[in-house]
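Everything in the sequence shown is counted per the working numbering, starting at 78 for the first residue and increasing by one.
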Amino acid sequence: MPLPRQLIKQLQRIVGRRQVDTDFAELLVYESDGLTLRTARPGCVVYPSSTEECARVVKACHGAGVPYVPRGAGTGLSGGAISDGGVIIQLSRMSKLLGIHPDDRYAIVQPGVVNNYLNLQARPHGLEFAPDPSSQAACTIGGNLAENAGGPHTLKYGVTSNHILGQTVVFADGEIATFGGPFPVRTGPDFSTFLTGTEGTIAISTEITVRLVPTAATATTMLAVYPSVSGATDSVSAILAAGVLPTAMELIDNLCIQAVEGHLKAGFPTDAAAVLLIELDGEEQLMKRDAEAVARACKANGATDFHTAQTEDERQSLWRGRKHAVGSLGKITPAFYTNDGVVPRSKLTAILQVSYKVAQGHGIRVAHVCHAGDGNIHPLILYDPDESQGPERAMACSEDILLACLEMGGSLTGEHGIGAEKRNLLPRMFTEDDLGHMLRLRDGLNREGLLNPGKIFPTGAKCGELRNQPVFPSGTWI
Ligand SMILES: Cc1cc2nc3c(=O)[nH]c(=O)nc-3n(C[C@H](O)[C@H](O)[C@H](O)COP(=O)(O)OP(=O)(O)OC[C@H]3O[C@@H](n4cnc5c(N)ncnc54)[C@H](O)[C@@H]3O)c2cc1C
78 MPLPRQLIKQ LQRIVGRRQV DTDFAELLVY ESDGLTLRTA RPGCVVYPSS
128 TEECARVVKA CHGAGVPYVP RGAGTGLSGG AISDGGVIIQ LSRMSKLLGI
178 HPDDRYAIVQ PGVVNNYLNL QARPHGLEFA PDPSSQAACT IGGNLAENAG
228 GPHTLKYGVT SNHILGQTVV FADGEIATFG GPFPVRTGPD FSTFLTGTEG
278 TIAISTEITV RLVPTAATAT TMLAVYPSVS GATDSVSAIL AAGVLPTAME
328 LIDNLCIQAV EGHLKAGFPT DAAAVLLIEL DGEEQLMKRD AEAVARACKA
378 NGATDFHTAQ TEDERQSLWR GRKHAVGSLG KITPAFYTND GVVPRSKLTA
428 ILQVSYKVAQ GHGIRVAHVC HAGDGNIHPL ILYDPDESQG PERAMACSED
478 ILLACLEMGG SLTGEHGIGA EKRNLLPRMF TEDDLGHMLR LRDGLNREGL
528 LNPGKIFPTG AKCGELRNQP VFPSGTWI
């Protein structure tokens, strides 16, 4: 159903005629985010340039009873930034870096600032924003906050919520509020942290204060090569048991290595079953001692080769390989579906065995990259969208792997969020009571449910309705 003409006119008055898109071709761009298996066409896209404009846009949509969805770079992998017939509030014009404060180690940004851009501006001050999703060349700080994004270096430095100090938000009714700030405020409830990770379903972040951490003066990157995947997964626990906390421990399996090396020649051996990319940073002597412990743990668990990057170029090349690992799969498959699950680290070996077995059962190839130190796995499920039942088999395979993660005491997501993708699996992870309490909180602050509807919680679930909500049958996408 088209949006009311009155609303379009009102939006044009708020942001200017050219900042409202209703053109069919333009809207196509917004039909999906990084999860291309799920599409929905918005009624229009509007580009506010300030908190005040954003609040007026929200008030207009709210008044018209039309749903609205905030969107950053659209790299999200759980279908969180799409809208079926509603208004996309595209935050790319709100991309100003409002200030870097090196002495107090923080920065204030608008939500559309790209993660890498913030780092480029902070590095001359010897500082950086620690969360480093592999999509950091494109994704925004607003999207990072909403998804509570992680990345390779979150093993040591923590996820996004550990680096958000405060934020100004626009609530679902258009009211503006500010929580937290650059300096520790320990008075009252910590609403800024509460809002982090709510995937744009409670408020739109329009100004964000982030912690900056000193860039490590030195870092060592090591590559351990294994003839079996279990050797790599077992090494992860052994390294931590040896009392070493690397900044990153990333696993890449053979199929993914093939894709990377076919694409950009990062230096991964193509005959390895898996490699572990391990990074240490900090004081020289300590790093040397830890590197020896890491080498011992890897060799004791079957590493046939263990190599320390000798130059900065070599180090960067290995990291380029890791950061482009997912995208490189485009070289070997017409499409793939990125799964994101978590298990206790001690279950890494078991879950990867399950993942290969489940994929085999579905007649599908699966590659893996894992933030292994966090127990965060990314099975990359290869499929052909033109093949009969290709997408359906990929989704069924993904769901089986996620349910296995839950059985092992893990979680449905480590960093990509629930979005529209996994909302119907949520009742498998939380009790009805737990979900009911979460819904009460959401509904208290997003009363009409117009802000990013249909995300995180099973469709139609409103506070108090959950008890009657069927758990959707396996594989159902609505
Ligand atoms: C190749 C690739 C690699 C990736 N690697 C990682 C990784 O290593 N770690 C990781 O965590 N993620 C990763 N991702 C997923 C994705 O990049 C992150 O979730 C990222 O944080 C999304 O940012 P975005 O700006 O693209 O947000 P979008 O996709 O635009 O939006 C994501 C969600 O946030 C909401 N949102 C956006 N901006 C705001 C705002 N200002 N206020 C409130 N809600 C908002 C949206 O409504 C939506 O629900 C990867 C994605 C790709 C494609």
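Yeah, the Cβ is synthetic: ideal placement off N, Cα and C, and Gly gets one too.
Taking the straight line between their C-alpha atoms, what separation do you get for residue i and residue j?
i, j, result
"Cys138", "Gly486", "41 Å"
"Arg200", "Ala184", "12 Å"
"His448", "Gln96", "39 Å"
"Pro530", "Glu369", "51 Å"
"Ala214", "Arg519", "31 Å"
"Ala583", "Leu363", "The chain is shown from 78 up to 555; residue 583 falls before or after that span and cannot be answered."
"Val186", "Tyr460", "39 Å"
"Pro456", "Ala444", "6 Å"
"Ala207", "Gly176", "17 Å"
"Gly496", "Gly467", "22 Å"
"Arg82", "Asp98", "13 Å"
"Leu332", "Lys342", "14 Å"
"Gly379", "Leu425", "16 Å"
"Gly450", "Thr231", "9 Å"
"Glu130", "Ile91", "7 Å"
"His493", "Pro229", "14 Å"
"Gly320", "Tyr234", "16 Å"
The beta strand (DSSP E) spanning residue i covers which residue range?
i, result
"Gln244", "241-248"
"Ala184", "183-186"
"Met472", "From DSSP, Met472 is part of no beta strand (DSSP E) but of the alpha helix (DSSP H) over 467-484."
"Thr347", "Note, Thr347: premise wrong, no beta strand (DSSP E); not H, not E."
"Gln335", "That residue, Gln335, is in no beta strand (DSSP E); its alpha helix (DSSP H) goes 331-340."
"Gly257", "253-257"
"Met299", "296-303"
"Phe413", "412-415"
"Gly176", "174-178"
"Gln362", "Per DSSP, Gln362 belongs to no beta strand (DSSP E); it is in the alpha helix (DSSP H), 361-377."
"Pro147", "145-148"
"Ile165", "164-167"
Taking all protein chains shown into account, do 16 or more other C-beta atoms lie within 10 angstroms of the C-beta of residue i, making it buried, or fewer, making it exposed?
i, result
"Arg500", "buried"
"Val420", "buried"
"Lys86", "exposed"
"Ser465", "exposed"
"Thr347", "exposed"
"Gly470", "Note that residue 470 is Arg in the sequence shown here, rather than Gly. Flag for Arg470 reads buried."
"Gly552", "Its pLDDT being 35, under 50, Gly552 is placed unreliably by the model, and the measurement read from it follows with that caveat. Label assigned to Gly552: exposed."
"Lys532", "buried"
"Phe534", "buried"
"Val123", "buried"
"Leu154", "buried"
"Pro291", "exposed"
"Gln167", "buried"
"Glu389", "exposed"
Residue i: which of the options sits nearest, CA to CA?
i, options, result
"Leu328", "Ile279, His340, Arg422", "Arg422"
"Pro125", "Pro188, Phe507, Tyr460", "Pro188"
"Thr270", "Asn239, Gly220, Ile253", "Asn239"
"Gly289", "Glu391, Leu528, Gly203, His493", "Per the sequence presented here, residue 289 reads as Leu, with Gly not at that position. With distances taken between Cα atoms, Leu289 lies closest to Gly203."
"Thr116", "Asp161, Asp390, Thr426, Ala377", "Asp161"
"Leu197", "Leu174, Gly219, Ser211", "Leu174"
"Gly93", "Gly450, Ala497, Arg133", "Arg133"
"Ala349", "Thr278, Leu300, Asp311, Thr99", "Leu300"
"Asp463", "Pro79, Leu114, Met326", "Leu114"
"Thr128", "Asn193, Phe101, Glu252", "Glu252"
"Ala427", "Val337, Leu332, Ala309", "Ala309"
"Gly142", "Leu357, Gly339, Asp250", "Asp250"
"Leu195", "Arg90, Gly257, Gly450, Val287", "Val287"
"Val190", "Pro179, Thr217, Val164", "Thr217"
"Asp110", "Thr415, Gly339, Arg442, Thr255", "Thr415"
"Pro179", "Ser305, Cys474, Pro259, Gly140", "Pro259"
"Leu112", "Ala150, Tyr303, Asn193, Phe101", "Ala150"
"Ser169", "Gln335, Pro147, Gly156", "Pro147"
"Gly281", "Lys136, Thr324, Ser475, Gly265", "With the sequence shown as reference, residue 281 is identified as Ile, and Gly is not the correct amino acid for it. Here the closest residue by C-alpha is Lys136."
"Asp209", "Asn193, Glu224, Gly219, Gly220", "Asn193"
In the DSSP assignment, find the unbroken alpha helix (DSSP H) run with residue i in it and report its ends.
i, result
"Leu429", "425-438"
"Pro266", "Premise fails: Pro266 is in no alpha helix (DSSP H) and is neither H nor E."
"Gly404", "402-405"
"Asp511", "509-522"
"Leu195", "192-199"
"Ala315", "306-318"
"Cys131", "128-141"
"Asn221", "218-224"
Should residue i be counted as a contact of ligand 3 given a C-beta to heavy atom distance under 6 Å?
i, result
"Asp520", "With respect to ligand 3, the structure shown offers nothing to examine, as its ligands consist of ligand 1."
Are three or more beta carbon pairs between the segment 423-436 and the segment 378-394 nearer than 8 Å? No, the segment 423-436 is not in contact with the segment 378-394.
How do the segment 305-325 and the segment 401-419 stand: do at least 3 beta-carbon pairs fall below 8 Å, yes or no? no
Tell me whether the segment 502-510 and the segment 471-485 touch, counting them as touching only if at least three CB pairs, one residue from each stretch, are closer than 8 Å. yes
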